[in-house]
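Asks: Heads up: take any position in the sequence shown, counting from 1, add 1275, and you land on the working numbering.
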Amino acid sequence: MSLGSERHSVQNPLIRYAVEVGWTYLPPEEALRLRQGESGIVLHDVLVAQLQRLNSGIVDHVKAEEVVRGLTSVFPNIEGNLQAWEYLNGLKTVFVEMERRERNIKLLDSNTPENNIFHVTDEFRFTGGANPIRADVVFFINGIPVIIVETKSATRIEGIAEALDQIRRYHREGAELMAVLQLHALTHLLKFYYGATWNTSRKSLYNWRDEQAGDFETLVKTFFAPRRILRVLTEFILFARKDGELSKVVLRPHQIRAAERVIKRARDPEKKRGLIWHTQGSGKTYIMITVAKRLLEDPVFNNPTVLMLVDRNELEQQLFCNLEAVGFTRVQVANSKRHLYELLKSDYRGLIVSMIHKFDDIPANVNLRENIYVLVDEAHRTTGGKLGNYLMGALPNATYIGFTGTPIDKTAHGKGTFKVFGTDDPKGYLDKYSIRESIEDGTTVPLHYSLAPNELLVDRETLENEFLNLVEAEGVSDVEELDRVLEKAVTLKNMLKNRERIDKIAEFVANHFKTVVEPMGYKAFLVAVDREACAFYKEALDRYLPPEYSAVVISKNYNDPPELAKYHLTEEKEEQIRRAFRNPDSLPKILIVTEKLLTGYDAPILYCMYLDKPMRDHVLLQAIARVNRPYEDDEGRRKRAGFILDFVGIFENLEKALAFDSEDVQSVVEGIDILKERFESLMAEGREKYLPLIKDKVADKAAEAVLEYFRDKEKRHEFYQYFKELQDIYEILSPDPFLRPFMNDYEKLARMYRMLRANYEPGISIDREFLRKTARLVQEHTDAVFSGEPTKFYKLDEETLEKILNDNKPDTVKVFNLLKAIRVLVEQESQRSPYLIPIGERAEQIAKAFEERQMTTKETLQQLELLMRDGIEGKKAEAKSDLSPEGFAVFWFLKREGIEKAEAAARKIAGAFEQFPYWERSSEQERGLRIALFKALFEAGVERIAEFTERIMKMLGRRSN
């Protein structure tokens, strides 16, 4: 057994730890029996029995069978997955004849875990989809599959990425099973990730970190604790429709923690306040929805009123859509002050969604009940001043929970937020999820900034006097408030709107976007000081970029002059622009804004913000957070950072611009100079550690040196990590004169990385490994140093073999060229000539032995040569044979194993495969095929019949993994 092997070091311990916390292990054979065959989804008898037990008097055996049919025949897509989730959450009904009415049915008992049956099985083969799949581990509750787990060896460098690719493939090829499963988990011992099924982007994969997480055992036991899994399935999965499309999320660990703390606070009769600070972009909306649902459904809260306060029309609509999708039944959206007053006065029980301004002038003591829970979004700005007083005067005994994406600032305004929400907690926060934590978890990406050239910045003294030094600008909490402050900054605004300056900036922005941002595949915001400046920028940008590249999104006033009115958008047109901007293949690529879209709008493809509007404190943090959303394109390339180009000079003095405690905003944004220092340091490391390997060497010797040095997997892993960080920084900096002295060496390191990945990690797409600018660099320039990347060979013949063996290259390079030739041939020809499959498997065994230094280079070359000759000989024999491709594959396999009656046995076995064409989907056909194979092999005098049967079936099956 090798250390870190998948089955022994990861899969088996995972199952053992799950059993220790309450799951019962089912051997694959027993699970298969209960599933009634490999196309079965549920443990049939278990589910039928549990349905009757949990729904006594409502569900009999016949109705239980009906429910099972309904659950297992949902559509094989996300819509079907929502249906399955509704079954699990007791939202489906059956008609009870005796009562002449529909009754909800229970498939899980989330309140009493002991009433459920928890099973776990492994090597789960499913044949009911487009293609057979084999999952490593599957967890069942009451016979229903709920979690699928892929395990990878700790020694696999790209283990998690490979496991995620497996999960994606299961969605394509086993959609009928995935439609019922609700969660997936991936682990390679060192880390443990989880996510929702039907949401398989890398950014939706969450690192499971329990409060006291440590080793693998702790991670597994805390994650799979039965009570916790029940709660995740019933409370922490949300479906939402956005732009008509259904999406699914499972809450991240920090969201689950915050929801738990809010519910605990709501149960505490002594404490009536709480403040949740979760940094911008970390998903506060989902916490609010989850908390509201829990408050309304838990009997302990005695049929309460939950009031959700939001401050933007678009967020109100977004919340309402989400609530509808997750099954809220009692929801009212307050459409006027009068409507809100009547709802509260009439003692309405259920959920009310409102905006804070509807509390203006509301009378005191409208409702004195204590089980009223007020969830306040963007608490730092919605409860300031008289509106907050009206709210709390109207509902004096309610519990108030504030949610904010920015920390409490050090101004009087910030102290006010603390007084309203933070008095019941020592440090002001009921729960905190800092900027640094969100970056570490991948919830958000880091931000970098650069100041524009000095000649484009506004006068520093004017900026200080008319904005940064003003008391009324401190703690500014929303864009409208900021705009009122800027209205008084006459000289500053005139400078910002100077037409000559705007034209120069537009030219600079156009050039920067075309050379820096667009090559990365991303989009940008241009933030102007006011609506008129937006119009000026649009005119100027159109002189340097195609007009369709940019669009203006501003609010409209009825008395706007024609030069502004022409940018007014209908609601439909604005929604169309918002959607198109999120799409990488659609125009526009730049949105020109001043107040709209700076809060509440998520576009992960947004990378760059051209900032030409003075901002500070909360407004600045909220605005720049537009570019901190993670993004992954269709080719798997991920956004590593967001970028702000400052034309005002705000970032020259960050301490003044962000009046928060330094620990709260630590790492919020870093200057580009820090990246340049890091790049320089990494290049120095590369020049000292890696580039000497190829110094003064001709192409083949350089390739040999690199391939030989990196045979050690740990050295390769270390180099991969090194180069990925280097590449991330290059992507952000390029093009820049700073890079010129490093370009030649950077390109060599990129080619070294490419060669290693191509040779040592053949299953990984090299093109996906490079970010766009590095990919272009490697494609555009040829470098004589690395001709060691293996050539593609397509013919299985003596000429190809001799060409490789007689090539004037070192033996190490020949080894990898032969491996590449065999891999390509197996990939291209094995469907037509399955006899090549065992040859490919043997080649991988030889490659592994070479990599682990169990074979010398010369021995490896000899073994691969023999293997290649075996393939060539097989090709010639196949051309002369009248056997089918499958029959010949069996013949060649048996012949190589020394079986004298190989051909006769092969003919019988080929006939058996024709007789049982659906053996991979039908358990009955599979049994028939096995019997026929056993008989044919026995008659041929084979001794290891069971082993040979498995090897033949694996070779000729559509391999699942």
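Note that beta-carbon positions come from the ideal geometry of N, C-alpha and C, so glycine has one too.
Note that the structure is predicted; figures quoted are calculated from it, not measured.
1. Beta-carbon separation of Val1902 and Phe1926 under 9 Å?
2. Does the count of Cβ pairs from the segment 1963–1979 and the segment 2007–2018 closer than 8 Å reach three?
3. Tell me the rounded alpha-carbon separation between Leu2136 and Tyr1300.
4. Roughly how many whole angstroms lie between the Cα atoms of Glu1313 and Val1424?
5. Return the CA-CA distance between Val2165 and Glu2102, expressed in angstroms with no decimal places.
6. Between the segment 1569–1577 and the segment 1859–1869, can you find at least three pairs of beta-carbon atoms closer than 8 Å?
7. Out of Gly2203, Pro1351 and Leu2008, which one is the CA nearest neighbour of Leu1452?
8. Pull up the distance between the alpha-carbon of Ser1621 and that of Leu1643, whole angstroms please.
9. Please list the terminal residues of the continuous beta strand (DSSP E) segment that includes Arg1376.
10. Can at least three beta-carbon pairs, one atom from the segment 1324–1339 and one from the segment 1458–1472, be found at a separation below 8 Å?
11. What are the boundary residues of the alpha helix (DSSP H) that includes Gly1332?
12. Any idea what DSSP makes of Gly1961, helix, strand or coil?
13. Around the C-beta of Arg1516, are 16 or more other C-beta atoms found within 10 angstroms, so that it is buried, or is it exposed?
14. For Trp1552, write down the residues that DSSP places opposite it in a beta bridge.
15. What does the Cβ neighbour count give for Phe2163, buried or exposed, with the cut at 16 atoms within 10 Å?
16. Is Ser1428 near Val1285, with beta carbons less than 9 Å apart?
17. With 16 other CB atoms within 10 Å as the buried threshold, where does Lys1539 fall?
18. Below 8 Å on the Cβ atoms is my guess for Ala1898 versus Leu1722; work out the distance and round it to an integer in Å.
19. Confirm, please, whether the CB-CB distance from Ile1408 to Gly1449 is below 9 Å.
20. Taking the alpha carbon of Ala1673 as the reference point, which residue from Asp1490, Val1695 and Ile1562 has its own alpha carbon closest?
21. Round the Cβ separation of Asp1887 and Val1802 to the nearest angstrom and send it over; I've been treating them as touching at under 8 Å.
22. Once DSSP output is grouped into helix, strand and coil, what is the label at Phe1696?
23. Identify, in the order they occur along the chain, each residue of the same chain with its Cβ nearer than 7 Å to the Cβ of Ala1324, setting aside the five sequence neighbours on each side.
24. How big is the Cα-Cα spacing for Asp2058 and Ala1460?
25. Would you mind sorting Leu1278 into buried or exposed? The rule is 16 or more other CB atoms within 10 Å of its CB.
26. Smallest Cα separation from Lys2084: which of Ser2105, Leu1982, Leu2111 and Arg1624?
27. Could you tell me how far apart the beta carbons of Lys1547 and Tyr1704 are, in whole angstroms, since I believe they sit closer than 8 Å?
28. Comparing C-alpha positions only, which one of Arg1527, Glu2077 and Lys1633 sits nearest to Tyr1708?
29. List the residues that DSSP assigns as beta-bridge partners of Ala1410.
30. Among the candidates Val1791, Phe1811 and Val1760, whose CA atom is the shortest distance from the CA of Ile1780?
31. For Glu1945, list the residues DSSP reports as bridge partners.
32. Roughly how many whole angstroms lie between the Cα atoms of Thr1497 and Thr1509?
33. Taking the straight line between their C-alpha atoms, what separation do you get for Asn1773 and Ala1900?
34. Compare the C-alpha of Pro1794 against each of Val1495, Ile1637, Leu2052 and Glu2175 and name the closest.
35. Assign Thr1604 to one of three DSSP states: helix, strand, or coil.
36. With burial defined as no fewer than 16 other Cβ atoms inside 10 Å of the residue's Cβ, what is the status of Lys2123: buried or exposed?
Replies: Reading from the atomic positions:
1. Position 627 of the sequence shown, counted from the start, is the residue given in the question as residue 1902. Position 651 of the sequence shown, counted from the start, is the residue given in the question as residue 1926. At the C-beta level, Val1902 and Phe1926 stay beyond 9 Å of one another.
2. At 8 Å Cβ cutoff, the stretches do not touch.
3. If you number the sequence shown from 1, residue 2136 lands on position 861. If you number the sequence shown from 1, residue 1300 lands on position 25. Their backbone Cα atoms lie some 45 Å apart in a straight line.
4. Residue 1313 sits at position 38 when you count from the first residue of the sequence shown. Residue 1424 sits at position 149 when you count from the first residue of the sequence shown. The alpha-carbon separation between Glu1313 and Val1424 amounts to approximately 18 Å.
5. Locating residue 2165 in the sequence shown gives position 890, counting from the first residue. Locating residue 2102 in the sequence shown gives position 827, counting from the first residue. Using only the alpha carbons, I get a separation of about 19 Å.
6. When C-beta atoms of the segment 1859–1869 are compared with those of the segment 1569–1577, fewer than three pairs fall below 8 Å, so the two segments do not count as touching.
7. If you number the sequence shown from 1, residue 1452 lands on position 177. Checking every option, the nearest Cα to that of Leu1452 belongs to Pro1351.
8. Your numbering for residue 1621 matches position 346 in the sequence shown. Your numbering for residue 1643 matches position 368 in the sequence shown. If you draw a straight line from the Cα of Ser1621 to the Cα of Leu1643, it is about 12 Å long.
9. The residue labelled residue 1376 in the question sits at position 101 within the sequence shown. Arg1376 to Asn1379 is the extent of the beta strand (DSSP E) around Arg1376.
10. Contact annotation: the segment 1324–1339 does not touch the segment 1458–1472, with fewer than three C-beta pairs closer than 8 Å.
11. What you label residue 1332 is simply residue 57 of the sequence shown in a count that begins at 1. Counting along the chain, Gly1332 falls outside any alpha helix (DSSP H), and DSSP gives it neither H nor E.
12. One-based indexing of the sequence shown puts residue 1961 at position 686. The DSSP-derived three-state label of Gly1961 is helix.
13. Position 241 of the sequence shown, counting from 1, holds the residue named residue 1516. With fewer than 16 other Cβ atoms within 10 Å, it is exposed.
14. On the sequence shown, position 277 is the one that residue 1552 refers to. Answer is Thr1679 and Lys1707.
15. The sequence position of residue 2163 within the sequence shown is 888, counting from 1. Classification of Phe2163: buried, given that the 10 Å Cβ count is 16 or more.
16. Taking the sequence shown and counting its residues from 1, one reaches residue 1428 at position 153. Taking the sequence shown and counting its residues from 1, one reaches residue 1285 at position 10. With contacts defined by Cβ atoms closer than 9 Å, Ser1428 and Val1285 form a contacting pair.
17. Here residue 1539 refers to the residue found at position 264 of the sequence shown. Lys1539 comes out exposed.
18. For the purposes of this step, residue 1898 is taken as the residue at position 623 of the sequence shown. For the purposes of this step, residue 1722 is taken as the residue at position 447 of the sequence shown. That belief does not hold up - the Cβ atoms of Ala1898 and Leu1722 are roughly 11 Å apart, past 8 Å.
19. Within the sequence shown, numbered from 1, the residue matching residue 1449 stands at position 174. Within the sequence shown, numbered from 1, the residue matching residue 1408 stands at position 133. In this structure, Ile1408 lies closer than 9 Å to Gly1449 by Cβ.
20. On the sequence shown, residue 1673 is found 398 positions in, with the first residue counted as 1. Between Ala1673 and the set Asp1490, Val1695 and Ile1562, the nearest pair of CA atoms involves Val1695.
21. Within the sequence shown, numbered from 1, the residue matching residue 1887 stands at position 612. Within the sequence shown, numbered from 1, the residue matching residue 1802 stands at position 527. The pair is a contact, with the Cβ atoms about 6 Å apart (cut-off 8 Å).
22. Start at 1 with the first residue of the sequence shown, and residue 1696 comes out as number 421. Reduced to three states, the DSSP call for Phe1696 is helix.
23. As a first step, residue 1324 must be located in the sequence shown, where it is residue number 49. Only residues of its own chain outside the window of five on either side were considered, and among them none has a CB closer than 7 Å to the CB of Ala1324.
24. The residue given as residue 2058 occupies position 783 in the sequence shown. The residue given as residue 1460 occupies position 185 in the sequence shown. Legend: pLDDT at Asp2058 = 46, less than 50; position of this residue unreliable, value from coordinates given subsequently. Approximately 42 Å, taken between the alpha carbons.
25. Counted from its first residue, the sequence shown places residue 1278 at position 3. Interpretation of Leu1278 is limited by its pLDDT of 40, a score under 50 that renders its predicted location unreliable; no figure is taken from the coordinates.
26. Counting from one through the sequence shown, the residue named residue 2084 turns up at place 809. Measuring C-alpha to C-alpha distances from Lys2084 to each of Ser2105, Leu1982, Leu2111 and Arg1624 identifies Leu1982 as the nearest.
27. Here residue 1547 is taken as the residue at index 272 of the sequence shown, counted from 1. Here residue 1704 is taken as the residue at index 429 of the sequence shown, counted from 1. Not quite, the Cβ-Cβ distance comes to about 16 Å (not below 8 Å), so this is no contact.
28. Here residue 1708 corresponds to residue number 433 of the sequence shown, with the count starting at 1. Looking at the Cα atoms, Arg1527 is the closest of the given residues.
29. By 1-based counting over the sequence shown, the position of residue 1410 is 135. Phe1399.
30. Walking along the sequence shown from the start, residue 1780 turns up at place 505. Closest option to Ile1780, Cα to Cα, is Phe1811.
31. Translated into positions along the sequence shown, residue 1945 becomes position 670. Answer is His1723, bridged to Glu1945.
32. Against the sequence shown, residue 1497 aligns to sequence position 222. Against the sequence shown, residue 1509 aligns to sequence position 234. Near 17 Å, if we compare the C-alpha coordinates of Thr1509 and Thr1497.
33. As a first step, residue 1773 must be located in the sequence shown, where it is residue number 498. As a first step, residue 1900 must be located in the sequence shown, where it is residue number 625. Asn1773 and Ala1900 have their C-alpha atoms roughly 28 Å apart.
34. Indexing the sequence shown from 1 puts residue 1794 at position 519. Answer by Cα proximity: Leu2052.
35. Sequence index remark: in the sequence shown, residue 1604 carries index 329 (1-based). DSSP places Thr1604 outside both helix and strand once states are collapsed to three, so it counts as coil.
36. Along the sequence shown, one-based indexing puts residue 2123 at 848. Classification for Lys2123: exposed.
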